């Protein structure tokens with residue numbers, strides 16, 4: 001694709017009732033939206049009208065956030081995506097599923113069925129899952145180590161894609177490895193796009209290697225521009241070494257937006273969201289970031305330096321996280337200056353707004369015109385007959401016209 005025709009891939013990541021921890025307590029938000037199908041279909045239809053490329057659902061088979069503080073994911077993504085497929089025509093549908101806590105044959109059938117019925121609009125977000133609660137749900141004493149999870153993920157992806165290919169070619173799969181023994185053909189018809197694209201969201205070196213070898217899109221949540229560039233280069237280099245065209249791997253940076261008709265309105269909304277963050281959420285997040293049991297401390301006193309001077313905590317994935325290291329340094333400085341509650345608590349109420357968020361008049365004036373002038377594909381190309389048939393049979397309401405198909409594979413009209 002020529003540089004003049006490069007386009008952003010814009011997706012919406014639907015996190016319960018919003019990423020802000022206190023959003024569900026606002027007067028204009030229904031607290032039960034995270035288990036309301038209309039909530040998800042309404043967001044999908046708005047995304048389609050706004051010409052976004054895809055509707056993304058994260059998932060994890062176990063609690064991560066404290067559900068007493070913030071509603072957390074409750075519904076299985078493929079069920080939601082099936083409903084969203086009937087309410088939209090061209091919007092891409094990205095569902096998350098774990099390679100550690102699923103069976104590859106079952107997952108291949110589930111995602112290809114959804115891809116076929118939606119007219120070829122589905123992608124699979126590949127995750128290995130590092131939640132201790134998920135491990136406990138599946139009978140593990142502890143989460144499998146990272147090396148095990150990624151070796152299994154490599155084999156898992158190989159089985160799934162081979163089964164998808166068998167649906168097209170009719171050639172039986174014969175896979176026998178450390179993790180799986182699979183023989184046979186997937187009986188689901190092939191979809192219009194052949195196979196669902198793969199998305200990968202792991203930020204570890206092993207995750208980036210897997211992404212470079214197998215993924216069409218890579219979610220990136222780096223905290224600095226330099227880190228983002230390193231991530232980009234690593235994935236592209238791995239893709240090139242694997243014999244792939246690096247341009248076939250799209251990097252999808254995360255962006256948190258607070259929307260208003262004016263900057264003042266957006267800023268006011270942001271401050272309203274901050275004001276509704278439960279105090280316990282902020283302290284729990286700070287405790288996790290620092291690796292320090294804040295619940296045992298006097299919040300009106302400095303954090304003891306002895307707790308901050310040790311080595312940075314290593315998380316359950318097996319590597320130190322940048323936020324934790326930088327957070328310890330910041331908290332150490334605050335501790336030297338005086339009581340924790342007056343400054344450290346405010347700093348970690350989250351979400352914060354600073355120059356890296358794109359807030360402020362200079363950034364606002366630069367970002368909005370660029371988004372308004374974003375190139376849009378002139379034709380959708382997606383055959384929507386099957387979707388309309390599904391919608392009529394299910395009684396789902398007709399979507400508002402107008403989105404475009406996902407461009408995660410890098411396809412562009414001539």
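Residue numbers (the UniProt record's numbering): 1 to 414. Ideal Cβ positions, reconstructed from N, Cα and C, are used throughout, including at glycine. Predicted model only: the values in this text are computed from it and were never measured.
Query raised in the report: Can you name the residues that DSSP bridges to residue 197?
Result: None; residue 197 has no bridge partner.
Requested in this report: Would you check if the segment 16-24 and the segment 273-282 touch, i.e. whether three or more CB-CB distances between them fall below 8 angstroms?
Outcome: yes
**Report entry** Environment of residue 71 [buried if 16+ CB atoms lie within 10 Å]
**Finding:** When all chains shown are included, residue 71 counts as buried.
Requested in this report: Within 10 angstroms of the Cβ of residue 163, are there 16 or more other Cβ atoms? Answer buried if so, exposed if not.
Outcome: buried
Query raised in the report: residue 16 to residue 183, Cα distance in whole Å?
Result: Distance from the CA atom of residue 16 to the CA atom of residue 183, rounded to whole angstroms, is 38 angstroms.
Report task. Classify residue 96 as helix, strand or coil using the three-state DSSP reduction. Result -> strand
Query raised in the report: Looking only at its own chain, which residues have a Cβ that is under 8 angstroms from the Cβ of residue 261, when we skip the five neighbours before and after it?
Result: none
Query raised in the report: residue 73 to residue 199, Cα distance in whole Å?
Result: 20 angstroms
Query raised in the report: Leaving out five residues before and five after residue 196 in sequence, what residues of the same chain have Cβ atoms less than 6 angstroms from its Cβ?
Result: Excluding positions up to five away in sequence, the list reads 111, 115, 122, 123 and 124.
Report task. Classify residue 43 as helix, strand or coil using the three-state DSSP reduction. Result -> helix
**Report entry** DSSP-derived helix/strand/coil call for residue 231
**Finding:** helix
Report task. Please report the Cβ distance between residue 243 and residue 221, rounded to the nearest whole angstrom; I am assuming they are in contact, meaning their Cβ atoms lie under 8 angstroms. Result -> Contact flag wrong, Cβ pair sits at about 28 angstroms.
Query raised in the report: Can you tell me whether DSSP reads residue 11 as helix, strand or coil?
Result: strand
Requested in this report: Sort out for me which residues DSSP pairs residue 55 with in a bridge.
Outcome: 12 and 93
Report task. Answer with buried or exposed for residue 156, where buried requires no fewer than 16 other C-beta atoms within 10 angstroms of its C-beta. Result -> buried
**Report entry** Cβ contact check for the segment 144-155 and the segment 92-106: 3 or more pairs under 8 angstroms
**Finding:** yes
Query raised in the report: Whose C-beta lies closer than 8 angstroms to the C-beta of residue 249 among residues of the same chain, with five residues either side of it excluded?
Result: 211, 212, 215, 216, 217, 218, 235, 236 and 239
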